[in-house]
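Participant: Input: one structure, supplied below.
There are 2 protein chains.
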Amino acid sequence: MLRKKTSRRAPVLRPRLRVLCGSKTALGPGRVDLLEFIDKTGSLRSAATRMDMSYMRAWTMVKSVNDSFRTPLVEIARGGKRGGGARLTVAGRTVVGLYRRMEKESQGATSESWKILRKLLQVNPGG
Amino acid sequence: MLRKKTSRRAPVLRPRLRVLCGSKTALGPGRVDLLEFIDKTGSLRSAATRMDMSYMRAWTMVKSVNDSFRTPLVEIARGGKRGGGARLTVAGRTVVGLYRRMEKESQGATSESWKILRKLLQVNPGG
């Protein structure tokens, strides 16, 4: 990652893909981040902490995600020494992979228009 | 638009593109909707009503958008009989057009992955 003083002000295009079932969000950037933290840490509690959210909120999100798919994306181990152990299922990994791929596809497809748009943006002359 | 009972539950992929300058949003779906309502109604007050937001909030958003671009996207006429008259500038129309084009580009580029992803989603059997 390039870390320059100017990079804080350089305009960025962020595609936030949201999968809606009616008015209910089945999948979005927050949920996918949570799934990835679960994959990294193997723990719902640790993933919640990394996301700066309560364990209960993370648990509710996981339940909602699991209910939205044919196969659960996360397996939660109840009890045990540390409690809250969790891991992604094969479906979970597939879904996270597809979502990140779609983000890249979106970013790639919009890059030419984005080049035009960003030229219209005000850039702080001192930035 | 197809309006069937089932369509309420059919999963939808919604790309929400956000242009960020640092932590500040320069452009996003809400702002673009507001710009389009201004274009349709010729009035900031009417556009605010359509967006279900206060006039002051809409005014602040327009000011923020205008400050984010080299050329203002909206011209606001102060005073006058009805007050709050507003219209898009050429730059404003260009930016709205680019944004909507990017949404379509994003949707087009992700359609194959989305077909795979939506098959993994739970669909209400009665829906």
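These protein sequence lines are chains A and B, in that order.
So in this note's numbering, the last one in the first sequence is 130, and the numbering has no gaps at all.
So in this note's numbering, the last one in the second sequence is 130, and the numbering has no gaps at all.
Glycine residues also receive a C-beta, built at the ideal position from the N, C-alpha and C atoms.
Just so you know, these numbers come straight off a predicted model, no measurement behind them.
#1: If distances are taken between C-alpha atoms only, which option among A:L123, A:R81, A:C24 comes closest to S46 of chain A?
#2: Are the stretch 92-102 of chain B and the stretch 28-41 of chain B touching, with three or more C-beta to C-beta distances below 8 Å?
#3: Where does P75 of chain B sit, in a helix, a strand or coil, going by DSSP?
#4: Could you tell me whether the Cβ of W62 of chain A comes closer than 8 Å to any Cβ of chain B?
#5: Hey, does P18 of chain A have any beta-carbon neighbour from chain B nearer than 8 Å?
#6: With a threshold of 16 other CB atoms inside 10 Å of the CB of W117 of chain A, please say whether the residue is buried or exposed.
#7: Distance check for T28 of chain B and L5 of chain A, CA to CA, integer angstroms please.
#8: Determine the direct distance from the alpha carbon of S49 of chain B to that of M105 of chain A, and round the result to whole angstroms.
#9: Taking just the CA atoms, how far does Y102 of chain B sit from I79 of chain B?
#10: Candidates B:V15, B:A94, B:G25: which alpha carbon is nearest D42 of chain B's?
#11: Using a Cβ-Cβ cut-off of 8 Å, state whether G88 of chain B counts as contacting chain A.
#12: My parser needs the alpha helix (DSSP H) runs of 4 or more residues fully inside the stretch 28-110 of chain A; what are they?
#13: Looking at the unbroken beta strand (DSSP E) that takes in L120 of chain B, where does it start and where does it end?
#14: By the three-class DSSP mapping on this structure, what secondary structure does R12 of chain A have?
#15: Please report the straight-line C-alpha distance between L20 of chain A and L20 of chain B, rounded to a whole angstrom.
#16: Given a threshold of 16 other Cβ atoms within 10 Å of its Cβ, counted over all protein chains shown, does E39 of chain B qualify as buried or as exposed?
#17: Would you say E92 of chain B lies against chain A (beta-carbon separation less than 8 Å)?
#18: For V22 of chain B, does the three-state DSSP call read helix, strand or coil?
#19: With 8 Å set as the bound, which would you pick, yes or no: does the beta-carbon of R96 of chain B sit closer than that to a beta-carbon of chain A?
Facilitator: Checking against the coordinates, here is how it stands:
#1: Taking the first residue of the first sequence as 1, we reach residue 46 of chain A at position 43. Out of A:L123, A:R81, A:C24, A:R81 has the C-alpha closest to the C-alpha of S46 of chain A.
#2: yes
#3: Sequence index remark: in the second sequence, residue 75 of chain B carries index 72 (1-based). Looking at P75 of chain B - three-state DSSP - the assignment turns out to be coil, as it is neither helix nor strand.
#4: Position 59 of the first sequence, counting from 1, holds the residue named residue 62 of chain A. W62 of chain A does not count as touching chain B.
#5: Taking the first residue of the first sequence as position 1, residue 18 of chain A is located at position 15. Yes - at least one Cβ of chain B is within 8 Å of the one on P18 of chain A.
#6: Taking the first sequence and counting its residues from 1, the one referred to as residue 117 of chain A is at position 114. By the 10 Å Cβ count, W117 of chain A comes out buried.
#7: Locating residue 5 of chain A in the first sequence gives position 2, where the first residue counts as 1. Locating residue 28 of chain B in the second sequence gives position 25, where the first residue counts as 1. Confidence is the limiting factor: at L5 of chain A the pLDDT is only 48, short of 50, which leaves the residue's position unreliable, though a coordinate-based value still follows. Computed Cα separation, rounded: 21 Å.
#8: As a working mapping, residue 105 of chain A is identified with position 102 in the first sequence. As a working mapping, residue 49 of chain B is identified with position 46 in the second sequence. Each residue's alpha carbon lies about 36 Å from the other.
#9: Here residue 79 of chain B refers to the residue found at position 76 when the second sequence is read from its first residue. Here residue 102 of chain B refers to the residue found at position 99 when the second sequence is read from its first residue. Those two C-alpha atoms are separated by around 22 Å.
#10: Taking the first residue of the second sequence as position 1, residue 42 of chain B is located at position 39. Ranking the options by Cα distance to D42 of chain B, first place goes to B:A94.
#11: Counting from one through the second sequence, the residue named residue 88 of chain B turns up at place 85. Chain A contact via Cβ: absent.
#12: 32-44, 47-53, 58-71
#13: Along the second sequence, one-based indexing puts residue 120 of chain B at 117. Here L120 of chain B belongs to no beta strand (DSSP E); instead the alpha helix (DSSP H) covers 114-123.
#14: Working through the first sequence from its first residue, we reach residue 12 of chain A at position 9. Coil.
#15: Along the first sequence, read from residue 1 onward, the residue named residue 20 of chain A stands at position 17. Along the second sequence, read from residue 1 onward, the residue named residue 20 of chain B stands at position 17. One C-alpha to the other measures close to 8 Å.
#16: On the second sequence, position 36 is the one that residue 39 of chain B refers to. When all chains shown are included, E39 of chain B counts as buried.
#17: As a first step, residue 92 of chain B must be located in the second sequence, where it is residue number 89. Glu is not the amino acid found at residue 92 of chain B; the sequence shown has Thr there. Chain A contact via Cβ: absent.
#18: Taking the first residue of the second sequence as position 1, residue 22 of chain B is located at position 19. Here V22 of chain B sits in strand by DSSP.
#19: Taking the first residue of the second sequence as 1, we reach residue 96 of chain B at position 93. No, because no Cβ of chain A sits closer than 8 Å to the Cβ of R96 of chain B.
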